[in-house]
Amino acid sequence: MFEKVSVVNSLINMYGKCGNLTMAQSLFHQTTQDIATWNSLISCYADSGHPFKALTLFDELISTGLKPNTATLVTLLSACAQIASVEKGRKIHDYIREQGFEYEVSLATGLVDMYAKCGQIDLAKEIFDSMDEKDVVSWNVMISSYGMHGHGKSAINVFQQMEENGARPNDLTFLAVLSACAHAGLVDEAKSLFDKMKEFSIIPTLKHYACMVDLYGRSACKMHNNAEMGIKIAKHAIETDPENDGYYILISDFYSSVEMWKEVEQVRRTMKDRGLMSIGRRDVLVPNDAADESCEQVYEKSNKRFCYKLQTLWEWQWVRFRSEVGPSDVAFEAIIGSRGGL
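Following full-length UniProt numbering, the numbering of the sequence shown begins with 1 at its first residue and continues without gaps.
This is the structure we're talking about:
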């Protein structure tokens, strides 16, 4: 049994970030658990792409008589957002109200994020508008929320409100609003916002360039000038970092979107000559109702990337989050087999 609980909490966090959940769990059971210990283990599972386990730990925590704190609840809301479960999210929200928690910035922001990713954009906006205090993360989450729902104009309006309130946007703010513009096809607005980054001394990254190239690619079939602008931006991105294979993939994807196959081949040859060829990853589609505990169990045992057959734009957020956590995936055959077919 460890005597220093704070040391164990740090070790649990460390093992969790290293992906060794077995050791994190083992340490958890070898010490006297305070709320920080529970938070450490819950975060380990939530941050490692195991939201169902994180939510199960919440029930176990309540049964011990310990009271969750704001950090616990923010992590649990994130877990609900990962699986787009408004039912589980409402359960956490009800607990927050019943226990009389103050709506600190981080907690209110977590609620906005959760409801938006669960498809409840109006409720997310209602909570956002009720916040007396907002930080840059709060603004970014609301902008991203509108973006994932395809409401580009609303995302821009929130960005403008942010400026009017004296809040300073960061690189993630611009990424969120540019992404929203890309999904909504707002070419002129995106170009203006992209240029505006200079006012805040923000240097565009691969992701910012990707938003712009994606936007011009979507609109290239309507306007030839947009195709030329997309190529220009992609080439400029390569010039800023010629050894970054992401930029080559960016321009290759753009050429593909406008059916410039000769140029696609040229880019791939250039990548091969420079030793920048990336190994592709395989996607797997599963049915819409696969996001439950049985799906999670298969997910944990697989080593492919997760994809999900979805109906609306906001639902893709669940997939996007899972694919960014690591190389894990849900095995298609196992899911279909466990459900008796499609």
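Backbone N, C-alpha and C define an ideal beta-carbon position, used for all residues, glycine too. Bear in mind that the values here come from a model prediction, so they are computed numbers and not experimental data.
One Cα belongs to residue 52, the other to residue 96, and the distance between them is close to 19 Å. When the Cα atoms are used, residue 30 and residue 214 turn out to be separated by approximately 50 Å. When DSSP states are grouped into helix, strand and coil, residue 265 belongs to the helix group. For residue 68, no alpha helix (DSSP H) segment is defined, and its DSSP state is neither H nor E. Non-local C-beta neighbours of residue 89 in its own chain, meaning closer than 6 Å and more than five positions away in sequence, comprise 80, 114 and 118, ordered along the chain.
Judged by DSSP secondary structure, residue 85 falls outside any alpha helix (DSSP H); it is assigned neither H nor E. Its chain contains 209, 212, 213 and 216 as the residues whose beta carbon lies nearer than 8 Å to that of residue 233, once the 5 sequence neighbours on both sides are disregarded; these appear in chain order. Within 10 angstroms of the beta-carbon of residue 261 lie fewer than 16 other beta-carbons, which makes it exposed.
Taking the Cα of residue 205 as reference, the smallest distance to any Cα among 239, 78, 184 and 181 is reached at 239.
If you keep only unbroken alpha helix (DSSP H) runs of at least 4 residues inside the UniProt repeat "PPR" (135-169), you get 136-148 and 152-164. Distance between residue 201 and residue 140, taken at the CA atoms: about 18 Å.
7 Å or more divides the Cβ of residue 35 from the Cβ of residue 9.
Under the three-state reduction of DSSP, residue 41 is assigned to helix. Excluding the 5 residues flanking it on each side, residue 98 has no same chain C-beta neighbour closer than 6 Å. The three-state secondary structure of residue 14, taken from DSSP, is helix. Contact check for residue 149 against residue 127 fails: the beta carbons are separated by 7 Å or more. Note that the C-beta distance between residue 189 and residue 156 is below 7 Å.
Here the alpha carbon of residue 272 sits roughly 17 Å from the alpha carbon of residue 255.
Here DSSP, grouped into helix, strand and coil, assigns residue 103 to coil.
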